[in-house]
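According to this note's numbering, the residues represented by the sequence shown are 5 to 354, in order. To keep things clear, I will list the structure first and then write my remarks on it.
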Amino acid sequence: MDVFERVAQLIAEIEAAEAPTPEAVEAFRIRFLGSKNVLKPLMGEMRNLPNERKRDFGQLVNRAKTVAQERYDALKSAASHAEEQSAAADLDLTAPAEPRPLGSRHPIALTMRRIVSIFERIGFAVAEGPEVEDDWHNFSAMNTPEDHPARDMQDTFYVSEGMPAGPNNSAMLLRTHTSSVQARTMEQQQPPIRIIAPGRVYRNETISARSHAQFHQVEGLYIAERVSFADMKATLLHFAREMYGEGTKIRLRPSYFPFTEPSAEMDIWWGLETEHDHRITKGTGWLEILGCGMVDPAVLENCGIDPEKYTGYAFGMGIERQAMLLYNITDIRLMFENDARFLRQFASVI
């Protein structure tokens, strides 16, 4: 058998080769494409051929190498597909799925979303602002005098010093309320304005079961022509009934806030049916949930809004307070400790 016949025979062997498993495919590669494959010695036979036949022989050997590579690729692909099919066939599709632990929303997030949803349905837009705020937007623009107790270091976390005298002052602090978002909105937008401002706030307070150095607020602001105290009361009554039930009763008590006049605190009738009710309402049956009032004309003027043309109301509430009422949580610290045992209780709450 001459060398041409030997190469032709190898090509026929390559084309007819079968390799149903990855191991057989690897054996094929070693035999025909490896560093010591059976085609490599054939090139040495070229020196024994007449010159006129060397070209034809070289082309035949190269064809054998090409056929081997193509066959190897086809066998490798087929074996891989067969292996995948075999693995899929071994799956028991009737077996129960492995249980996956479900995450849960945080009670603060649940409460915030519920409050925001109530106000969004009656036309309030969500506004946001920086948590590191300047003194002007946090205090001065909101009609807080320089000697007001809220400016004292015992209440406020200052991050830099500055002169708290005007909108260009450099004093920076962690915002003590989201009223700063109201100030920024009034500076940038002319009435009508109807916003709510949810977010995290900070106060330098002793951490206890009822208070924390960081917490969350939702504040609301509505400014337009001929807005009245009655409009505010109707809005807050709607909120209370959406939040706590259709039969919820409210009352407004006179209060004082530097950025509203007149000002009030709103209570809801909680009842006196249990010992818990007596404790959280201090035996009155009424429970304070938010502060509110008509925007002080000085605040409107500070923010570039004509107080002769426009009036408005504002309100604010602590989200942790609402969450504690909704879910009967007795210690605010539980909301900041990331205890999985506590958080898992809210896994089924949407």
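For glycine and all other residues, C-beta sits at the position ideal for the given N, C-alpha and C. Here the structure is a predicted model, which is why all the values come from computation and not from measurement.
Taking every protein chain shown into account, the CB of residue 343 has fewer than 16 other CB atoms within 10 angstroms, so this residue is exposed. Looking at 57, 24 and 7, the one whose alpha-carbon comes closest to that of residue 49 is 7. Note that the C-beta distance between residue 291 and residue 271 is below 8 Å.
By DSSP's assignment, residue 296 forms a beta bridge with 268 and 319. Look at residue 347 here: in three-state DSSP terms it is helix.
The continuous alpha helix (DSSP H) containing residue 245 extends over residues 233-248. Cβ contact annotation for residue 213 (same chain, cutoff 8 Å, sequence separation greater than five): 334, 335, 336 and 337, in chain order.
Taking C-beta separations shorter than 8 Å and ignoring five residues to either side along the sequence, the partners of residue 320 in its chain run 181, 182, 183, 221, 222, 223, 224, 294, 295 and 296, following chain order. In the DSSP assignment, residue 146 falls outside any beta strand (DSSP E), carrying neither H nor E. Assigned with DSSP and collapsed to three states, residue 228 falls in strand. Residue 147 sits buried, since 16 or more C-beta atoms from the chains shown fall within 10 Å of its C-beta. Excluding the 5 residues flanking it on each side, residue 161 has same chain C-beta neighbours closer than 7 Å at 177, 178, 206 and 208, in chain order. One alpha carbon belongs to residue 149, the other to residue 142, and they sit about 12 Å apart.
Annotated three-state conformation of residue 314 is coil, per DSSP. In the displayed model, residue 135 falls within coil according to three-state DSSP, outside both helix and strand. Counting other Cβ atoms within 10 Å of its Cβ, residue 115 reaches 16 or more and is therefore classed as buried. Following the DSSP letters along the chain, one finds residue 42 in no alpha helix (DSSP H), marked with neither H nor E. Taking the Cα of residue 134 as reference, the smallest distance to any Cα among 26, 151 and 186 is reached at 186. The count of Cβ pairs closer than 8 Å, one atom from the region 31-47 and one from the region 65-83, reaches three, so the stretches are in contact.
Take the alpha-carbon of residue 351 and the one of residue 330: they are about 16 Å apart. Contact between residue 122 and residue 246 holds, since their C-beta atoms are separated by about 5 Å, short of 8 Å. In this structure, residue 113 keeps its C-beta atom at 8 Å or more from the C-beta atom of residue 138. The beta-carbon distance between residue 317 and residue 304, rounded to whole angstroms, is 12 Å. This is too long to meet the 8 Å contact definition. Sequence-distant partners of residue 216 (beyond 5 residues in either direction) whose C-beta falls short of 6 Å from its own C-beta, in its chain, are 336. In chain order, 50 place their CB closer than 7 Å to the CB of residue 62, counting only its own chain and leaving out the 5 sequence neighbours on each side.
For residue 306, same chain residues with a beta-carbon under 6 Å away, outside a window of 5 residues either side, are 145 in chain order.
With distances taken between CA atoms, residue 298 lies nearest to 264 out of 201, 65 and 264. Boundaries of the alpha helix (DSSP H) harbouring residue 32: 26-37, taken from the DSSP string.
The Cβ-Cβ distance between residue 199 and residue 244 does not fall below 8 Å.
Per DSSP, residue 12 is one residue of the alpha helix (DSSP H) stretching across 7-20.
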